[in-house]
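Using the working numbering, the first residue of the sequence shown is number 1, and each one after it goes up by one.
Taking it in order: structure first as structure tokens, then the write-up.
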Amino acid sequence: MEHNRTLSIIKDRKAEKFFIFGGFIVVSVALGFMFLSSQQSRATIPSGGKQVEVEQVSYRLYESSNGINPGSPLANTNTAATLPKVGADFRLRVGLQNKSPYFKKLAEFGSGNEHNCAIM
């Protein structure tokens with residue numbers, strides 16, 4: 001009888017260690033997934049047959065206009081804005097910084113007018 005009780009205690013301790021270890025693994029995987037999935041997307045500009053990386057450094061929201069220039073600013077640079085009404089049109093200007101050595105060389109020595117931008 002004493003032998004069965006000892007075996008039962010040993011089994012309970014092994015099960016407890018197993019569940020603690022399993023819980024640790026589950027929490028670690030969940031935290032790793034949250035960290036990896038929260039990474040920002042990368043912005044690239046096609047240039048010379050390559051995708052060169054750029055980084056957003058500023059933004060500003062403006063009222064919409066029918067001309068080339070935007071309307072009045074809705075807020076300061078890098079500041080959230082409130083639209084005048086729900087569904088109102090607006091313009092967004094984004095300042096980008098070059099993060100690619102290839103693009104710097106192309107700007108120095110290359111030519112061309114391809115200025116398309118894509119957020120990836």
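All C-beta atoms in this analysis are idealised placements derived from N, C-alpha and C, irrespective of residue type, glycine included.
Exposed or buried, residue i, counting other C-beta atoms within 10 Å across all chains shown (16 or more means buried)?
| i | result |
| --- | --- |
| residue 86 | exposed |
| residue 27 | exposed |
| residue 54 | buried |
| residue 74 | buried |
| residue 18 | exposed |
| residue 15 | exposed |
| residue 117 | In this prediction, residue 117 has a pLDDT of 48, which is less than 50 and means its spatial position is unreliable; nothing more can be read from the coordinates. |
| residue 112 | With a pLDDT of 49 at residue 112, under the threshold of 50, the modelled position of that residue is not reliable, and no figure is offered here. |
For residue i, I'd like the list of residues in its chain whose CB is within less than 8 Å of its CB, leaving aside the five on either flank, ordered along the chain.
| i | result |
| --- | --- |
| residue 71 | 62, 63, 64, 65 and 91 |
| residue 135 | Past the edges of the chain, shown from 1 to 120, lies residue 135, and the structure says nothing about it. |
Under 8 Å by Cβ, that's how I've got residue i and residue j pegged, so tell me the actual separation to the nearest angstrom.
| i | j | result |
| --- | --- | --- |
| residue 100 | residue 29 | About 34 Å separates the two Cβ atoms, so there is no contact after all. |
Residue range of the beta strand (DSSP E) that residue i falls in?
| i | result |
| --- | --- |
| residue 47 | 43-47 |
| residue 87 | Residue 87 -> no beta strand (DSSP E), and no H or E assigned at all. |
| residue 50 | 50-63 |
Give me, in chain order, the residues of the same chain whose beta-carbon lies closer than 6 Å to that of residue i; leave out the 5 immediate sequence neighbours on both sides.
| i | result |
| --- | --- |
| residue 77 | 58 and 60 |
| residue 93 | 60 |
Let me check understanding here. Comparing Cα to Cα, which of the options lies closest to residue i?
| i | options | result |
| --- | --- | --- |
| residue 42 | 93, 56 and 82 | 56 |
| residue 96 | 44, 20 and 82 | 44 |
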